[in-house]
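Undergrad:
Protein chains: 2
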Amino acid sequence: MTIQEIDEGTEYVGFNKALELVLSNIYYVKIDTLALESCTGYFAAENVIALVDSPTGNISLKDGFAVKAGDIANASEQSPAVLRIIGSGFAGSRFEGHISNGQAVKICAGSPIPSGAELVIPEEFCTQTSTEVYVRNISDDGKNVFYAGQDVKAGALILKRGEPLLPARLGLLAAAGISRIKVYRKPKVSIVAIGDEVVAPGQTLKDGQLYASNLVATEAWLSSFNIPCSTIITNDNRKDIQNELTKILPMVDAIITSGGAWGSERDLIVKVLDSMGWEKIFNRVRMGPGKGISFGLLKQKPVFCLPGGPPSNEMAFLQLALPGILHMAGQDGPPFFSIKARLAESLKGRHSAWTEFRRANLFSDTDGSYKVTLCPEISRLRSMA
Amino acid sequence: MTIQEIDEGTEYVGFNKALELVLSNIYYVKIDTLALESCTGYFAAENVIALVDSPTGNISLKDGFAVKAGDIANASEQSPAVLRIIGSGFAGSRFEGHISNGQAVKICAGSPIPSGAELVIPEEFCTQTSTEVYVRNISDDGKNVFYAGQDVKAGALILKRGEPLLPARLGLLAAAGISRIKVYRKPKVSIVAIGDEVVAPGQTLKDGQLYASNLVATEAWLSSFNIPCSTIITNDNRKDIQNELTKILPMVDAIITSGGAWGSERDLIVKVLDSMGWEKIFNRVRMGPGKGISFGLLKQKPVFCLPGGPPSNEMAFLQLALPGILHMAGQDGPPFFSIKARLAESLKGRHSAWTEFRRANLFSDTDGSYKVTLCPEISRLRSMA
């Protein structure tokens, strides 16, 4: 088939349309309620409101002395204010009394501000005796008080449905009195490598066979996103493929097949799925590498059929299957951090309706902007690595 | 203490010196041998050599016909070459015969190139009858043969000690016949939150108490790097702290404490560690936030004492403790992807020997370069999130 025929063929869809079809045909899986410390890498399945103020009361930002503002307004190096120390407070145990004019309470960072006090003089501006403190200098620029609810106010919306549960966000939730939240469950995925020639790592290789490198790489990608997955290698045989798919479908939320997806006599996966009555959504994509990707629903569960060649397999997986799988885990945005960069060399385009993905090296140029150079395409697996 | 005194004090070290002291006093933990599919996120503890060529033989890059070059040299749309089809080969089962002049073998992408054939004509340039193939056009620009060892040659160094085991790298290792490799084990970490005022999420909060948000955030950071960790909350009491440290030390590879690290009467952690005979390596760092971080070795195991205030705690953790912990897992580089960007606003510096970390928003400017703006520092936990 030529590029011309590909464009005119009814089976092909453009890359952006394919991605849209994947995301619109895949729904969130299920919801779990997890303790905060188990939520890393999940996405919120509910809006969350702060239960308590954080901090719960006014606290000191410094080790020092809590005082009334009027008492130290005119203090200086030459003429320090002299205040009577009436007690001390610590982070876990507040000073229970009240501060009046001429008095100070020694407190440390994190301690509640005693009743009657208005600000905290850091200890470096003070000289202490057993009963009195000399405040020499008030050049510190703030009151050194962190007010109740200044981090977060009870009743405030602190997490929106769909947001990722990153560490600092989990800390904020903890401070706001939250201990468990609803998250989208990670989908269970099965990866099925199809081909008489495919051999699991550790087995002996016969002439014409190859190790299941796609399987290992795909499994590694999924596990780097904490997606649980199982793997199967099956023969290039209609009945074996159908048996495996029938067996695993009830146990998983999605299936990724590898190999058997391009149009030769022996490429059976799409025919098998057709005979099993899947809802085929697209069967080729105008992208390269990876044009031989098919996608559909088998009993409502997404099935991605990836081509077998390593670069096509990886690109089809990363650009279409992985965003679909992560969407099931509640992720709406792209799976990777992206950087805008300029091409450091010219690139010959061949067709506007075609999306070509090229491997490239990113570098920071002397002018501070980012540029990319394309990788030479000699060793496929090495440039991927 | 003023900035002046800080610089002159003997206990303080600069940030870069502190990071160097952390990395030079921490060694790799232990080595495990893992199956490739379990290696995601680990670092290699050995150099690895390819065991087999990949591919093992010459294979076709296209679905099409394997032929001799001379037979199709003058083929054209007007005068196609006519070749006799003598058989077919698939990815898992090679055509066992030999191709002579005037003959072709139908093969698909991934099939071994039959003996005698020199190149593959893609099927879109051919018209096929039951016994013959008409090659109309040879405008395709290559031979469409992927040669034995072109991905990787047996004997080649394909993984160096210390390299991260990313998905495509694991695929390359699988293709090269590797099934298990030696990796650095992830260290077991215990996080100890110190303070009478600290309460675990889910418990009831009394006046002056606060939820252990540092503990939750630190645990989440470690688990995002797949570092196993346990957590403990202990009272601000010398004996309790010592008992907890004594109990957990034999079970873990490193300890991170939170709180109790700044110099007031109740800040006990460093005193407790001194009394337990730790080797104190530094006890303050010229950085902000996070200056109150101490680091040392207790029975050879690294102990990081982080300050209790959330911004100080997070920054001391991310800039010094986390690189140290990841170094134990075999990572030599920085833990985060970094981007060079220009400040979009001016920033007033106060001291050259001091390292100040500021939270910022990164954006891509209209000229294609990256710029940062500083976050306002009103709500600490919100700007961190």
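Sequence order for the protein chains is A and B.
Using numbering that gives the first Met the number 0, you'd call the opening residue of the first sequence number 0 and step up by one each time.
Using numbering that gives the first Met the number 0, you'd call the opening residue of the second sequence number 0 and step up by one each time.
The beta carbon of each residue, even a glycine, is placed where N, CA and C say it ideally should be.
So, do the segment 68-87 of chain A and the segment 32-43 of chain A have three or more beta carbon pairs nearer to each other than 8 Å?
TA: The segment 68-87 of chain A, when compared against the segment 32-43 of chain A, does not touch it at the 8 Å Cβ threshold.
Undergrad: To test your reading of the DSSP string, which unbroken alpha helix (DSSP H) runs of 4 or more residues are found completely within the segment 171-240 of chain A?
TA: Listed in chain order, the complete alpha helix (DSSP H) runs (minimum 4 residues) inside the segment 171-240 of chain A are 212-223.
Undergrad: Check this for me: beta carbons of A/L209 and B/P54, under 7 Å apart or not?
TA: As a working mapping, residue 209 of chain A is identified with position 210 in the first sequence. As a working mapping, residue 54 of chain B is identified with position 55 in the second sequence. Taking 7 Å as the Cβ cut-off, A/L209 and B/P54 qualify as a contacting pair.
Undergrad: Could you tell me how far apart the beta carbons of A/G295 and A/L272 are, in whole angstroms, since I believe they sit closer than 8 Å?
TA: Along the first sequence, read from residue 1 onward, the residue named residue 295 of chain A stands at position 296. Along the first sequence, read from residue 1 onward, the residue named residue 272 of chain A stands at position 273. At roughly 6 Å, the Cβ-Cβ gap stays under 8 Å, so A/G295 and A/L272 are in contact.
Undergrad: Do the segment 179-186 of chain B and the segment 24-31 of chain B meet, that is, are 3 or more Cβ pairs less than 8 Å apart?
TA: Enough Cβ pairs lie closer than 8 Å, so yes.
Undergrad: Taking only beta-carbon positions, decide if B/Y210 is within less than 7 Å of chain A.
TA: Here residue 210 of chain B corresponds to residue number 211 of the second sequence, with the count starting at 1. Yes, B/Y210 lies at the interface with chain A (some Cβ there is under 7 Å from its Cβ).
Undergrad: Cβ closer than 9 Å: which chain B residues qualify as neighbours of A/S114?
TA: Looking up residue 114 of chain A in the first sequence gives position 115. Chain B residues near A/S114: none, gap ~12 Å exceeds 9 Å.
Undergrad: So which residues on chain A does B/S178 lean against when the C-beta distance must stay under 7 Å?
TA: The residue labelled residue 178 of chain B in the question sits at position 179 within the second sequence. The contacting residues are P200, G201.
Undergrad: Going along chain A in order, which residues have a C-beta closer than 9 Å to the C-beta of B/D206?
TA: The sequence position of residue 206 of chain B within the second sequence is 207, counting from 1. Per Cβ cutoff of 9 Å: T55, G56, R93, P111.
Undergrad: Apart from the five residues just before and just after B/G170, which ones in its own chain have a Cβ nearer than 7 Å to its Cβ?
TA: Taking the second sequence and counting its residues from 1, one reaches residue 170 of chain B at position 171. Same-chain partners within the cutoff: there are none.
Undergrad: Quick one: residues in its chain with C-beta nearer than 7 Å to the C-beta of B/S99, no 5 flanking neighbours on either side, listed in chain order?
TA: Here residue 99 of chain B is taken as the residue at index 100 of the second sequence, counted from 1. Contacts found: G115.
Undergrad: So A/V104 and A/S129 are supposed to be a Cβ contact under 8 Å. How far apart are they, rounded?
TA: As a first step, residue 104 of chain A must be located in the first sequence, where it is residue number 105. As a first step, residue 129 of chain A must be located in the first sequence, where it is residue number 130. That pair is no contact at about 15 Å.
Undergrad: With a cut-off of 7 Å, does the C-beta of A/T39 fall near any C-beta of chain C?
TA: The chain labelled as chain C is not found among the protein chains of the depicted structure, namely A and B.
Undergrad: For A/V173, decide whether its Cβ has a neighbour in chain B, counting only Cβ atoms nearer than 7 Å.
TA: Taking the first residue of the first sequence as position 1, residue 173 of chain A is located at position 174. The sequence as given places Ala at residue 173 of chain A; Val does not occur at that position. It does: the Cβ of A/A173 has a partner Cβ on chain B nearer than 7 Å.
Undergrad: Check whether the Cβ of B/P166 lies closer than 7 Å to any Cβ atom in chain A.
TA: Walking along the second sequence from the start, residue 166 of chain B turns up at place 167. So yes, B/P166 belongs to the interface.
Undergrad: With DSSP run on the structure shown, which of helix, strand or coil describes B/L244?
TA: Translated into positions along the second sequence, residue 244 of chain B becomes position 245. It is helical.
Undergrad: Go through its chain and collect everything with a Cβ distance to B/E122's Cβ below 8 Å, but skip five positions before and after it.
TA: Stepping through the second sequence from its first residue, residue 122 of chain B is reached at position 123. Closer than 8 Å at Cβ, skipping near neighbours: K61, D62, G63, F64.
Undergrad: If we ignore side chains and look at the alpha-carbon of each, how far apart do B/A328 and B/G194 end up?
TA: In the second sequence, counting from the first residue as 1, residue 328 of chain B sits at position 329. In the second sequence, counting from the first residue as 1, residue 194 of chain B sits at position 195. Taking the straight line joining both Cα atoms gives about 30 Å.
Undergrad: So with CB distances below 7 Å, who are the chain A contacts of B/F45?
TA: If you number the second sequence from 1, residue 45 of chain B lands on position 46. For the record, residue 45 of chain B in the displayed sequence is Glu; it is not Phe. Ordered by position in chain A, no residue passes the 7 Å Cβ test against B/E45, which lies about 17 Å from the chain.
Undergrad: List, in chain order, every chain A residue whose beta-carbon is nearer than 8 Å to that of B/A65.
TA: As a position in the second sequence, residue 65 of chain B is number 66, starting the count at 1. Chain A residues near B/A65: none, gap ~13 Å exceeds 8 Å.
Undergrad: Roughly how many angstroms lie between the CA atoms of B/G109 and A/S223, to the nearest whole one?
TA: Position 110 of the second sequence, counted from the start, is the residue given in the question as residue 109 of chain B. Position 224 of the first sequence, counted from the start, is the residue given in the question as residue 223 of chain A. Going from the Cα of B/G109 to the Cα of A/S223 covers about 29 Å.
Undergrad: For the segment 20-84 of chain B, list the alpha helix (DSSP H) runs that are entirely contained and at least 4 residues long, ordered along the chain.
TA: Entirely contained in the segment 20-84 of chain B, the alpha helix (DSSP H) runs reaching 4 residues are, in chain order, 68-71.
Undergrad: Taking just the CA atoms, how far does B/Q241 sit from B/S274?
TA: The sequence position of residue 274 of chain B within the second sequence is 275, counting from 1. The sequence position of residue 241 of chain B within the second sequence is 242, counting from 1. B/S274 and B/Q241: Cα-Cα distance of roughly 9 Å.
Undergrad: Of all the options A/L22, A/I48, A/L321, which has the alpha carbon lying nearest to the alpha carbon of A/I226?
TA: Mapped onto the first sequence, residue 226 of chain A falls at position 227. The residue with the shortest Cα to Cα distance from A/I226 is A/L321.
Undergrad: So, with DSSP's three-state summary, where would you put B/M314?
TA: Taking the first residue of the second sequence as 1, we reach residue 314 of chain B at position 315. Helix, per DSSP.
Undergrad: Rounded C-beta distance between A/T256 and A/I268? I'm assuming under 8 Å.
TA: Numbered from 1 along the first sequence, position 257 holds the residue referred to as residue 256 of chain A. Numbered from 1 along the first sequence, position 269 holds the residue referred to as residue 268 of chain A. About 5 Å separates the two Cβ atoms, so the contact holds.
Undergrad: Between which two residues does the beta strand (DSSP E) containing B/K270 stretch?
TA: The residue given as residue 270 of chain B occupies position 271 in the second sequence. Per DSSP, B/K270 belongs to no beta strand (DSSP E); it is in the alpha helix (DSSP H), 268-274.
Undergrad: Among B/K298, B/T354, B/Q330, B/D52, which residue has its Cα nearest to the Cα of B/A155?
TA: On the second sequence, position 156 is the one that residue 155 of chain B refers to. Nearest C-alpha to B/A155: B/D52.
Undergrad: May I have the straight-line CA-CA distance separating A/E7 from B/I71, to the nearest angstrom?
TA: Your numbering for residue 7 of chain A matches position 8 in the first sequence. Your numbering for residue 71 of chain B matches position 72 in the second sequence. Because the pLDDT of A/E7 is 44, which lies under 50, any placement of that residue in the model is unreliable, and the question is left without a value.
Undergrad: Output needed for A/N312: all residues of its chain with C-beta closer than 7 Å, excluding positions within five of it in sequence on either side, in chain order.
TA: Residue 312 of chain A sits at position 313 when you count from the first residue of the first sequence. Within the same chain, A/N312 has close Cβ partners N213, S257, L305, P306.
Undergrad: Please name the residue, chosen from B/E243, B/K159, B/P111, that lies closest to B/A147 on a Cα-to-Cα basis.
TA: Here residue 147 of chain B refers to the residue found at position 148 when the second sequence is read from its first residue. Per the Cα distances, B/P111.
Undergrad: For A/I25, I'd like the list of residues in its chain whose CB is within less than 7 Å of its CB, leaving aside the five on either flank, ordered along the chain.
TA: The residue given as residue 25 of chain A occupies position 26 in the first sequence. P301, G323, H326, M327, listed in sequence order.
Undergrad: Would the beta-carbon of B/P200 fall within 7 Å of that of A/A153?
TA: Position 201 of the second sequence, counting from 1, holds the residue named residue 200 of chain B. Position 154 of the first sequence, counting from 1, holds the residue named residue 153 of chain A. Their beta carbons are not under 7 Å apart, which means B/P200 does not touch A/A153 by this criterion.
Undergrad: From B/F316 to A/P79, what distance separates their C-alpha atoms?
TA: In the second sequence, counting from the first residue as 1, residue 316 of chain B sits at position 317. In the first sequence, counting from the first residue as 1, residue 79 of chain A sits at position 80. Roughly 39 Å separates the two Cα atoms.
Undergrad: Should A/W220 be flagged as near chain B, meaning a C-beta pair shorter than 7 Å?
TA: On the first sequence, residue 220 of chain A is found 221 positions in, with the first residue counted as 1. Closer than 7 Å to some Cβ of chain B, the Cβ of A/W220 qualifies, so yes.
Undergrad: Based on the DSSP output, what are the partners of A/C390 in its beta bridges?
TA: The requested residue 390 of chain A does not occur in the structure, where chain A is confined to residues 0 to 384.
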